[in-house]
Amino acid sequence: MAIGIIGIEDMAARLVQVPGVVGVMLGGSRARGEHAPDSDWDLGVYYRGPLDVERVRGLAAEVVGGPVEVAGPGGWGPWVNGGAWLDVDGQAVDWILRDVDRVRTVWEDCRAGRYEVGTQIGHPLGFWSPCYVGEVSLGRVLADPGGELGELRREVERYPEPLREALTAGAVWEAGFLVANAAKSARRGDVLHVSLCLSRVVGLLVQALFAHHRRWCLNEKGPPPPPPLVPQREGRVGGGGGDAGHVCRVRRAGRVAAGGVGRWGGGVGGPGGRGGGAGG
Numbered sequence: 001m002a003i004g005i006i007g008i009e010d011m012a013a014r015l016v017q018v019p020g021v022v023g024v025m026l027g028g029s030r031a032r033g034e035h036a037p038d039s040d041w042d043l044g045v046y047y048r049g050p051l052d053v054e055r056v057r058g059l060a061a062e063v064v065g066g067p068v069e070v071a072g073p074g075g076w077g078p079w080v081n082g083g084a085w086l087d088v089d090g091q092a093v094d095w096i097l098r099d100v101d102r103v104r105t106v107w108e109d110c111r112a113g114r115y116e117v118g119t120q121i122g123h124p125l126g127f128w129s130p131c132y133v134g135e136v137s138l139g140r141v142l143a144d145p146g147g148e149l150g151e152l153r154r155e156v157e158r159y160p161e162p163l164r165e166a167l168t169a170g171a172v173w174e175a176g177f178l179v180a181n182a183a184k185s186a187r188r189g190d191v192l193h194v195s196l197c198l199s200r201v202v203g204l205l206v207q208a209l210f211a212h213h214r215r216w217c218l219n220e221k222g223p224p225p226p227p228p229l230v231p232q233r234e235g236r237v238g239g240g241g242g243d244a245g246h247v248c249r250v251r252r253a254g255r256v257a258a259g260g261v262g263r264w265g266g267g268v269g270g271p272g273g274r275g276g277g278a279g280g
């Protein structure tokens with residue numbers, strides 16, 4: 001029998017007994033009620049200070065009945081951090097480490113209109129730092145002995161207006177810059193560069209639209225592309241081959257995309273209007 005919420009809650013209760021663990025949250029589609037029967041269970045394991053990774057490894061082995069590879073803090077990269085992939089009776093359960101103090105720092109940055117876009121394996125469009133806050137906002141607290149996660153979740157209920165302005169402006173500016181670069185490459189018939197530019201443009205516009213509507217965008221998986229881009233994206237971005245005339249049609253797609261986001265985001269500014277955001 002596949003693991004259910006009762007088994008997950010028991011798992012969370014055991015995780016918070018590990019030295020260093022502050023609390024556990026359910027994330028992903030299951031927290032949002034958008035899951036399929038076979039969707040993974042994503043558990044955010046929030047810790048402070050030194051984490052007893054050996055205890056985490058031992059608990060994981062108890063849960064699955066055998067050895068489990070556990071990546072300690074930083075083992076999976078600077079942003080995803082670390083954790084473990086468990087197979088519990090044929091059901092995928094992911095433990096994902098989160099440094100609670102770093103999450104709080106990112107929250108303060110968001111409130112001030114600052115964000116980062118870091119390079120991270122598994123995130124082709126970069127890891128956007130506000131994701132940390134979005135995970136808390138959209139997650140469900142499972143175990144929280146000290147009440148810290150519940151308090152933080154209440155703090156992040158309202159999307160910060162400075163972040164909305166900075167992220168929208170920064171993403172739209174970069175999208176416009178990339179569209180201009182793609183147009184030059186299109187004239188040379190450089191399919192790869194055009195495809196890469198417009199692929200990132202799609203991600204930037206999604207980030208801008210989510211921010212404009214005060215919604216947290218966690219990653220590239222799930223969010224639909226902005227409606228103006230759908231017809232142009234299909235059969236264009238990532239397609240193999242094609243002559244120069246075919247590739248040049250992406251310029252029109254870029255103009256449609258930039259025009260659409262300009263209406264939502266208040267126009268395209270220069271790099272100085274990025275409000276502290278860093279391009280990835």
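For what it's worth, the UniProt record's numbering labels the leading residue of the sequence shown as 1, then goes sequentially.
Backbone N, C-alpha and C fix where the C-beta goes; we use that ideal spot for every residue, glycine too.
Note that the coordinates shown come from a computational prediction; the quantities given were computed from them, not determined experimentally.
Counted within 10 angstroms of its Cβ, other Cβ atoms place residue i as buried (16 or more) or exposed
i      : result
Ser129 : buried
Ile96  : buried
Leu192 : exposed
Gly28  : buried
Gln17  : exposed
Ala13  : exposed
Arg200 : buried
Gly82  : buried
Ser185 : buried
Gly4   : exposed
Arg164 : buried
Candidates the options, of which the one nearest residue i by Cα
i           : options                       : result
Asp94       : Cys110, Val100, Trp76         : Trp76
Val133      : Glu174, Glu34, Thr105         : Thr105
Ile8        : Leu205, Val103, Arg30, Glu148 : Arg30
Gly138      : Arg214, Arg102, Leu198, Val21 : Gly is not the amino acid found at residue 138; the sequence shown has Leu there. The residue with the shortest Cα to Cα distance from Leu138 is Arg214.
residue 283 : Arg55, Asp190, Val194         : The question about residue 283 has no answer here: the residues shown for the chain are numbered 1 through 280.
Ile6        : Cys217, Ala143, Arg154        : Ala143
Three-state class that DSSP yields for residue i in the structure shown
i      : result
Asp10  : helix
Val56  : helix
Val117 : strand
Within 9 Å, strictly: CB atoms of residue i and residue j
i           : j      : result
Val68       : Arg57  : yes
Ala175      : Ala208 : yes
Asp99       : Tyr46  : yes
Ala112      : Leu86  : no
Val136      : Gly126 : no
Tyr115      : Ala169 : no
residue 304 : Leu196 : Residue 304 lies beyond the residue range present for the chain, which begins at 1 and ends at 280; the question has no answer from this structure.
Leu51       : Trp41  : no
Glu220      : Pro160 : no
9 Å Cβ cutoff, residue i in contact with chain D
i      : result
Ala211 : As a matter of chain content, chain D is missing from the structure shown, which is built from one protein chain.
Check: residue i C-beta below 8 Å from any heavy atom of the ligand ZN
i     : result
Arg48 : With respect to the ligand ZN, the structure offers nothing, as it holds no ligand at all.
Taking only runs that begin and end inside the region 60–101, name each unbroken beta strand (DSSP E) of 3 or more residues, in chain order. 83–88, 91–99
Within the UniProt domain "DUF4037" (135–217), ranges of the beta strand (DSSP E) (whole runs, at least 3 residues): 140–143
In chain order, what are the residue ranges of uninterrupted alpha helix (DSSP H) at least 4 long that sit wholly in the UniProt domain "Polymerase nucleotidyl transferase" (19–52)? 28–32
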